[in-house]
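*Asks:* Got a structure here, written out as structure tokens. Questions coming.
Right under this line is the structure:
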């Protein structure tokens, strides 16, 4: 089978992108890679810590690597920098995206968080800062989506995702309309649950901060590991006597930039180095979104904000430990998978939080999701039905 051609971004190109906040970068989604072999389009959303006043005022922040304006048909991704006013968040939703046909009855779902902003006050595209020329320079919402960051030509597989160390975690950030377009082209609808966080605006802002801190920390760590692989590759290929060449120096400068991050004391906002791989059951899109929500609520409750929360039914924000059968299944043939199926079924029955479609109900019982007649209230967004975007921007379902 022929191998797809790829293009490795040079260390000079990466450094130029890291130093520029007012320019966008356009990539071939499934072709362009960074030194180390991982897809450039999956660069994690990162916090520009220099944009935070005194490293403490998180009300306004610049975010890097926001996907907006790419064309899925030609397989291009465009990454921007945006400035976000967290005080303008008006609602937060959990979005379930069925992986197969069947809607909410699908056996698997992707989960992501959607933050909707006040009209005209959404994240500002720094590439279009000069709005005097008539440009529409804001977007209405952001999607935070934990995904598996894989090497070039390594497709995602749920079974292999139980123990494949090549699958690293990355939290991608999209303009919501961009992600909805891409999902629609794959004929995937959205099923939305609006969160009810204690503290109202303070709760929504806190969740955004928590998710950003988690995603930024893991993203910098994984990106550092990938670039370190690129350094080793360069040293193997560099001509004799050129071990300190410009390419290697640029990678080392990038490493120093990745280490520049505000110190965060809360242990709940750190994911250990040995837990930064994507794992289908333990550290996935759903479990990381759930962890972000529960960590947020725990921090809010510690500040005395617990309105509407049933503390007796509030789960702890914990990651489960890997079990031996998970690694065995990842390497097993079809017979081996069937032999271990009872262990997998038992795990899912005793850990329903591993199933994305079960999480809204779990959160609703703790008072964290809007309900109707005792059940989580769900809004179905689709291209042919009720859309989350219209001529005036983002649309949200009425309560």
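Numbering (this note's numbering), first residue to last: 38 to 436. Glycine is no exception: its CB is placed at the ideal position from the N, C-alpha and C atoms. As the structure is a computational prediction, the values presented were derived from the model and not from experiment.
#1: Can you name, in chain order, every residue of its own chain whose Cβ lies under 8 Å from the Cβ of residue 389, other than the five neighbours on each side?
#2: Would you mind giving the Cβ-Cβ distance between residue 209 and residue 81, rounded to the nearest angstrom? I have them listed as a contact below 8 Å.
#3: State whether the segment 51-63 contacts the segment 171-180, with contact taken as three or more CB pairs (one from each stretch) at a distance under 8 Å.
#4: I'd like to check one pair, residue 206 with residue 377: are the Cβ atoms closer than 9 Å?
#5: Does the beta-carbon of residue 235 have 16 or more other beta-carbons within 10 angstroms, so that it is buried, or is it exposed?
#6: What residue from 226, 366, 372, 215 has the CA that sits closest to residue 181's CA?
#7: If you draw a straight line from the C-alpha of residue 201 to the C-alpha of residue 265, how long is it?
#8: Just checking my contact of residue 342 with residue 239 at CB under 8 Å: how many whole Å lie between their CB atoms?
#9: I'd like to know if the segment 61-81 and the segment 301-311 are in contact, where contact means that at least 3 CB-CB pairs between them fall below 8 Å.
#10: Let me know the beta strand (DSSP E) ranges lying completely inside the segment 214-260, each 3 residues or longer, listed in chain order.
#11: Give me the DSSP bridge partner(s) of residue 85.
#12: Quick one: Cα of residue 372 to Cα of residue 326, how far?
#13: Contact between the segment 217-224 and the segment 413-427: three or more CB pairs below 8 Å?
#14: Would the segment 326-337 and the segment 358-372 be scored as touching if the rule is three or more Cβ pairs under 8 Å?
#15: Kindly give me the distance between the Cβ atoms of residue 384 and residue 353, rounded to whole angstroms, as I take these residues to be in contact under 8 Å.
#16: Are residue 120 and residue 204 close, meaning C-beta to C-beta below 9 Å?
#17: According to the Cβ coordinates, are residue 66 and residue 109 closer than 9 Å?
#18: Kindly provide the ranges of any alpha helix (DSSP H) runs that are 4 or more residues long and lie completely inside the segment 351-416, ordered along the chain.
#19: If you run the structure through DSSP and keep just helix, strand and coil, what is residue 328?
#20: With 16 as the cutoff for other CB atoms within 10 Å, does residue 417 come out buried or exposed?
#21: What number of angstroms, rounded off, separates the C-alpha of residue 126 from the C-alpha of residue 290?
#22: Assign residue 30 to one of two classes, buried (16 or more other C-beta atoms within 10 Å of its C-beta) or exposed (fewer than that).
#23: Is the beta carbon of residue 415 less than 9 Å from the beta carbon of residue 141?
#24: Go ahead and label residue 64 buried or exposed: buried means 16 or more other beta carbons lie within 10 angstroms of its beta carbon, across all protein chains shown.
#25: Terminal residues of the continuous beta strand (DSSP E) containing residue 149?
#26: Does DSSP put residue 212 in a helix, a strand or coil?
#27: Can you give me the C-alpha to C-alpha distance between residue 105 and residue 114, rounded to a whole angstrom?
#28: Name the DSSP bridge partner or partners of residue 65?
#29: Going by CA-CA distance only, name the one from 338, 335, 97, 344 that's closest to residue 122.
#30: Assign residue 237 to buried or exposed, taking buried as 16 or more other Cβ atoms, counted over all protein chains shown, within 10 Å of its Cβ.
#31: Tell me the residue span of the alpha helix (DSSP H) that contains residue 283.
#32: Let me know the secondary structure DSSP gives residue 263 once reduced to three states.
#33: Using the three-state DSSP reduction, which class does residue 434 fall into: helix, strand or coil?
#34: Excluding the 5 residues flanking residue 198 on each side, which residues of the same chain have their C-beta closer than 7 Å to its C-beta?
#35: Please state if the CB of residue 85 and the CB of residue 100 are separated by a distance shorter than 9 Å.
#36: Could you give the residue range of the alpha helix (DSSP H) that holds residue 52?
*Replies:* Taking the structure as given:
#1: 395, 399
#2: 7 Å
#3: no
#4: no
#5: buried
#6: 215
#7: 19 Å
#8: 7 Å
#9: no
#10: 227-231
#11: 99
#12: 33 Å
#13: yes
#14: no
#15: That pair is no contact at about 18 Å.
#16: no
#17: yes
#18: 361-368, 371-387, 396-402
#19: helix
#20: exposed
#21: 35 Å
#22: This structure gives no information on residue 30, because the portion of the chain shown stretches from 38 to 436.
#23: yes
#24: buried
#25: 146-154
#26: strand
#27: 7 Å
#28: 113
#29: 97
#30: exposed
#31: 283-295
#32: helix
#33: coil
#34: 185, 204, 315, 316, 317
#35: yes
#36: 48-55
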